[in-house]
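Quick note on my numbering: the sequence shown kicks off at 18 and runs consecutively.
For every residue, glycine included, the Cβ atom is placed at its ideal position computed from N, Cα and C.
Please read these numbers as outputs of a predicted model, since none were measured by experiment.
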Amino acid sequence: MRQALGKGIDALISKVQNNDISHDMVRKIPIDSVRPNRWQPRKAFDENAMAELVQSIKEHGLLQPISVWRDADGAFELIAGERRWRACKAAGLKEVEAIIKKDLTDQQKFGLSLIENIQREDLNAIDHALAYRQLMDEFSISQTDIAKKLGKSKSAVSNTLRLLELEEDIQKGVQTGAVSEGHARALISIPDKGKRKEAYERILTEKISVRELEAYAQNFHARRPRAKISGESRRKTPEMTDMEARLEKHLGTKVEIMSGGAPENGKITIHYYSLDDFDRIIRILKK
18 MRQALGKGID ALISKVQNND ISHDMVRKIP IDSVRPNRWQ PRKAFDENAM AELVQSIKEH
78 GLLQPISVWR DADGAFELIA GERRWRACKA AGLKEVEAII KKDLTDQQKF GLSLIENIQR
138 EDLNAIDHAL AYRQLMDEFS ISQTDIAKKL GKSKSAVSNT LRLLELEEDI QKGVQTGAVS
198 EGHARALISI PDKGKRKEAY ERILTEKISV RELEAYAQNF HARRPRAKIS GESRRKTPEM
258 TDMEARLEKH LGTKVEIMSG GAPENGKITI HYYSLDDFDR IIRILKK
């Protein structure tokens with residue numbers, strides 16, 4: 018079953034990427050005969066951007082048709098283009114140009130809707146994460162499969178999915194644009210929920226930058242209590258202890274330097290507490 022679903026997703030993605038509509042009809046349909054998509058990944062619509070789109074449609078018309086599926090009852094269900102459809106209604110249009118998809122099962126409609134919307138660059142990070150989660154739940158495919166099919170790295174998909182661990186009010190803040198994706202990624206690296214909530218409130222009230230928030234998160238990790246390991250601590254010289262402190266300040270995380278069997282060898286252990294934290298440390302080390 019999973020293999021079959023995977024092939025179905027591959028076919029849908031290929032269709033979207035190649036813009037293959039040779040077997041679909043493009044025509045004007047009554048705008049009131051269209052209903053919203055059950056699987057629309059976008060949960061919030063920016064009012065200012067919507068007003069601009071309405072004005073553009075009034076002046077120039079709809080430049081890109083919406084995509085719909087025709088149900089057995091004759092009504093049309095949106096696959097992609099809900100924002101354009103809403104704007105056309107607000108502009109007073111009675112008809113809208115639509116690509117009418119044919120010969121799709123419910124699973125294919127679901128997959129095509131998600132893929133077309135995921136590939137839109139203006140979706141926020143939480144909506145992307147929700148769409149990834151839907152693909153995993155409905156099609157039983159892995160994060161690796163999603164990354165491969167969407168042309169993204171697995172870490173990018175994993176890090177986006179981790180944003181769903183944020184509290185509901187913070188997720189809504191990302192969806193409405195109150196906080197940026199960068200802020201959200203910095204917040205998820207703060208494991209203490211109380212401190213995370215405080216940081217979120219500071220973003221809203223003090224308008225702190227992503228860089229400031231990342232510095233706060235780094236300091237939080239650097240202040241974590243150091244575990245003492247019998248034997249190892251006795252072999253540390255004052256110079257090693259001083260270097261640990263300097264590295265921890267620079268990397269914003271716990272660092273351990275341990276001597277080896279001879280004075281000229283040993284190991285350095287750098288701790289990380291989330292995938293976002295790992296990526297942050299790697300970026301610092303690469304500089």
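Nearest candidate by alpha-carbon position, reference residue i, set the options
i      : options                         : result
Ala115 : Asp90, Glu256, Glu265 and Pro47 : Pro47
Arg103 : His77, Ala68 and Thr122         : Ala68
Ser206 : Thr122, Leu221 and Asn176       : Asn176
Pro82  : Ala89, Val43 and Ser73          : Val43
Leu147 : Phe93, Leu181, Gln72 and Ser73  : Leu181
Ser50  : Ile74, Asp88, Leu70 and Leu80   : Asp88
Assigned secondary structure, residue i (DSSP; H/G/I helix, E/B strand, else coil)
i      : result
Leu17  : With the chain running from 18 to 304 in the structure shown, residue 17 is simply not present.
Leu95  : strand
Gly190 : helix
Ile158 : coil
Ile9   : Because residue 9 is not part of the residues shown, which for the chain are 18 to 304, the question remains open.
Lys224 : coil
Gly199 : helix
Ser69  : This sequence places Glu at residue 69; Ser is not what is there. Note: Glu69 maps to helix in three-state DSSP.
Ala9   : Nothing about residue 9 can be read from this structure; the chain reaches only from 18 to 304.
Ala108 : coil
Arg213 : helix
Arg101 : helix
Ser276 : strand
Glu265 : helix
Arg297 : helix
Pro53  : coil
Glu184 : coil
Lys1   : What the structure shows of the chain is the stretch from 18 to 304, and residue 1 is not part of that stretch, so it cannot be assessed.
Beta-carbon proximity list for residue i, same chain, < 6 Å, skipping 5 on both sides
i      : result
Glu273 : Thr286
Glu198 : Ala142
Assigned exposure category for residue i - 16 Cβ within 10 Å defines buried
i      : result
Asn65  : exposed
Lys166 : buried
Gly194 : exposed
Gln188 : buried
His200 : buried
Phe93  : buried
Arg213 : buried
Leu221 : exposed
Lys271 : buried
Glu185 : exposed
Nonlocal neighbours in the same chain, by C-beta distance under 7 Å from residue i, ignoring five residues either side
i      : result
Asp37  : With a pLDDT of 43 at Asp37, under the threshold of 50, the modelled position of that residue is not reliable, and the figure given next carries that caveat. So no residue of the chain qualifies.
Ser250 : Residue confidence is low: Ser250 scores 43 on pLDDT, short of 50, so the model does not pin down where it sits. Its coordinate-derived value is still stated next. So the list is empty, once near-sequence residues are dropped.
Ile96  : Asn54, Ser84, Val85, Trp86, Lys118, Lys126, Leu129, Ser130 and Glu133
Ala203 : Val227, Leu230, Glu231 and Ala234
Pro208 : Tyr290
Own chain partners of residue i with C-beta closer than 8 Å, once the 5 adjacent residues on each side are dropped
i      : result
Leu121 : Trp86 and Leu129
Glu281 : none
Cα-Cα separation between residue i and residue j, rounded to whole angstroms
i      : j      : result
Gln192 : Leu183 : 12 Å
Arg300 : Asp294 : 10 Å
Asp296 : Arg179 : 13 Å
Leu264 : Lys224 : 29 Å
Leu140 : His288 : 33 Å
Residue i Cβ short of 6 Å to the ligand MN heavy atom set
i      : result
Gly199 : Although the ligand MN was asked about, the structure shown includes no ligands whatsoever.
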